[in-house]
Amino acid sequence: MGHSLSTKHLLGLEYLEVKDIEKVLEVGFIFKEILNRPIKKVPTLRGKTIINLFYEPSTRTRVSFEQAGKILSADVINVTPETSSTTKGESLFNTALTIQAMKADTVVIRHPHAGAPYFLAQKLDCSVINAGDGMHAHPTQGLLDIHTIVKHLGSLEGKKVTIVGDILYSRVARTNLWALTKMGAKVVLCGPRTLIPPDFLNNARNTEGHPFASIEVEGDLNLAIRDADVVMALRIQRERQRSRHLPSLLEYSRMYGITSQRMRHASPDALVMHPGPINEGIEIDSDVAHGARSLIEYQVTAGVAIRMALLCSASAEQEPKDQGYI
Ligand code: CP
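Here it is as structure tokens:
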């Protein structure tokens, strides 16, 4: 099989066209089958070096990039700031140049500052994949979320997707707005007004051709999830909130927590999603998070397959374009 994705860097989903997203999904579905094999190993990226540079805590994204690279036979090296020369004052730029000098092929970066992956993409010759930058973007999460919905609903066209919670600080929400609207979903945002970006509360989106013109904001959770096909809860980003946006987590949970009672307003087969990590009992009740409608664990599995597809996509730019890789 010769699938040829070709995107040297993955920085944000605003730059991808629908056909690019569909290609990532297509290759991701093929790679997901490898995860069910007794021996999860293919030679696709043998001889390639992937550096995971994570300046923020992560379980899902870091481990799945590592697993994805290893399944594809790449050499994967994890760098954490605590055990690197960052502790001696080395800048991100010099760290990245050092890594490139070791002939890395792909750098996967998570960083607390929005724009860090863009900076590296300008400075380095190797591929750069954004694994989450501040409150700006988390494109691999957006793609695995789209994969998850398409797998279970067939398509996103006309589907109602309600995103609930801390929209303001969520790079997952910001990224999913691009992906979901490009794929034809009807998106509704719900959360405390203090956690909705101002542009969604004023008329800033009401200009013709604005990519987010169709997105609705609804403060009442029962109304927001009425007939929803997908309910996506978000984590309260306590580490990013610079001022007090909520009177208390208890009050947040009472007004915006996803409970089985509230899920009765959604479509009978509505899917429940959450990017993780979950604050169980705050943004989502345990019985919903682990219930029959929940796709939270599926999202994690999809993440490995999608990241395999994206690592191959980056690699395809480093090789002759007509060469198949699976
Ligand atoms: N969804 C997500 O990015 O999780 P991690 O922070 O564990 O990578």
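According to my numbering, the residues represented by the sequence shown are 595 to 920, in order.
Yeah, the Cβ is synthetic: ideal placement off N, Cα and C, and Gly gets one too.
Item	Value
Measuring alpha carbon to alpha carbon, tell me which of Gly748, Lys717, Val702, Val618 ends up nearest Phe659.	Val702
Which residues in the same chain as Pro869 place their Cβ atom closer than 6 Å to its Cβ, once the five residues preceding and following it in sequence are excluded?	Gln735, Val766
Tell me which residue opens and which closes the beta strand (DSSP E) that Ala931 is part of.	The structure shown does not extend to residue 931, since the chain is modelled only from 595 through 920, so no value can be given for it.
Taking Cβ positions, are Ile633 and Ala668 nearer each other than 7 Å?	no
Could you give the residue range of the beta strand (DSSP E) that holds Ile703?	700 to 705
Just list the beta strand (DSSP E) runs in the segment 833 to 892, keeping only unbroken ones of 3 residues or longer that don't cross its boundaries, in chain order.	865 to 867
Report the three-state DSSP secondary structure of Leu605 (helix, strand or coil).	coil
Of all the alpha helix (DSSP H) runs that stay within the bounds of the segment 700 to 760, which reach a length of 4 or more residues?	710 to 717, 733 to 747
Along the chain, which unbroken stretches of the beta strand (DSSP E) at least 3 residues long are found entirely within the segment 644 to 697?	669 to 673
Do Pro869 and ligand 1 come close, with the Cβ less than 6 Å from some heavy atom?	yes
With a 10 Å radius around its C-beta and 16 neighbouring C-beta atoms as the bar for buried, classify Thr689 as buried or exposed.	buried
State yes or no: is the C-beta of Arg856 nearer than 6 Å to some heavy atom of ligand 1?	no
Leaving aside the five residues before and after Phe623 along the sequence, list all residues of the same chain whose C-beta is less than 8 Å from its C-beta, in chain order.	His741, Lys745, Ala899
Kindly give me the distance between the Cβ atoms of Gln893 and Leu737, rounded to whole angstroms, as I take these residues to be in contact under 8 Å.	About 11 Å separates the two Cβ atoms, so there is no contact after all.
Got a sec? Which residues, its chain only, sit under 6 Å from Ala860 by beta carbon, not counting five neighbours each side?	Ile819, Ala822, Val825
Using a threshold of 7 Å, state whether the C-beta atoms of Ala662 and Leu905 are closer than that.	yes
How is the beta strand (DSSP E) around Leu783 delimited, first residue to last?	780 to 784
Counting only the same chain and skipping the five closest in sequence on each side, list residues whose C-beta sits under 7 Å from that of Ala827.	Val758, Gly759, Ile852, His868, Glu877, Ile878
Could you tell me the distance, in whole angstroms, from the CA atom of Ser652 to the CA atom of Pro675?	13 Å
Measure the CB-CB distance between Gly683 and His707 and report whether it falls below 7 Å.	no
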